[in-house]
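Worksheet: the structure to be examined is printed underneath.
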Ligand code: GLV
């Protein structure tokens, strides 16, 4: 009998989008990698083809993992999303296939809450609209009402979705800007947490009717699809602003474009869109909307931490320690 020990083959991992080179190097110490440094956005069948012989994948919110794809990827055991949201994962299909799914909570909370505030400020104070005016050479004189917007400090903020990011926005609003903060969520926070956030619970209707600014930070699910549509926009004050940093599809973008055009609400700040990277033409045409390309978590340290956590989920799982931040628990 030979004493030569066979090294087991290393798990094969697909890194579905471009990622920091040092994170690829970290993964390469543990796995056989196929990466996508050209950052091509693959169709479902292209992704399935590349995943067919893989044991795991690092994905972003762009890659849809559903039953059809899983049927073509029999070796797959884990998908690690580089995002806190995971609506691109069909969890019942992943459970049925015995595939783990992970996300990147916590590491992006404060950065994303910062951005929610940035978008709120830019929207209420008409920052991008004023900049476009200046750059276009229209600024000839000071005028008392020029780009006069809505007050932020001391006004009433309504937050829909009171998870970690919603709480971060509430703390900024209550403690930094002296705002009166209402929130609506599937479940009420514990009284101590409400006090720490300086926020009080309201029904969705109360919140929409009375808030000066509404920020959306809830997960995208079948229940939250178009949770802000024409009827909800009609409840809002004509002077109110709406900010969406959650997911496209939570707002009915066509209804929002119409409300902005007709002055039924004052302004909107949007980081996410239905069918992104396409943007509803009515939103592109609107003067009173601030548009950003899904960048709420985009600081270099935070994006690095997200990529690293997604990678560490794969490493921990294949080392037998279990995923670090799972969003399901399939029976294997
Ligand atoms: C970004 O949208 C995320 O879910 O992390």
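In our numbering, the protein residues as written are 18 to 349.
Where is the CB? At the ideal position from N, CA and C, for every residue including glycine.
Near ligand 1: residue i beta-carbon under 6 Å from a heavy atom
i	result
residue 100	yes
residue 314	yes
residue 328	no
residue 78	yes
Assigned exposure category for residue i - 16 Cβ within 10 Å defines buried
i	result
residue 288	buried
residue 25	exposed
residue 58	exposed
residue 33	buried
residue 23	exposed
residue 229	buried
residue 319	buried
residue 184	buried
residue 269	buried
residue 162	exposed
residue 201	buried
residue 18	With a pLDDT of 48 at residue 18, under the threshold of 50, the predicted position of this residue should be treated as unreliable, and no value is reported.
residue 314	buried
residue 209	exposed
residue 158	exposed
residue 164	exposed
Among the options, nearest to residue i - alpha-carbon criterion
i	options	result
residue 329	28, 43 and 23	43
residue 211	96, 253, 179 and 257	179
residue 279	113, 128 and 299	299
residue 205	227, 28, 255 and 221	221
residue 173	189, 182 and 40	189
residue 141	340, 313 and 255	255
residue 394	257, 51 and 291	In this structure the chain extends from 18 to 349, so residue 394 is not present and cannot be described.
residue 124	186, 267, 325 and 108	325
Proximity test, residue i beta-carbon vs ligand 2 heavy atom, cut-off 6 Å
i	result
residue 289	Ligand 2 is not part of this structure, which contains only ligand 1.
Give, in chain order, every unbroken run of the alpha helix (DSSP H) that is at least 4 residues long and sits entirely within the region 165–221. 181–188 and 208–214
Alpha helix (DSSP H) runs contained entirely in the region 220–296, provided each spans 4 or more residues: 221–227, 247–252 and 270–278
Minimum length 3: unbroken beta strand (DSSP E) runs contained in the region 83–119: 95–98 and 117–119
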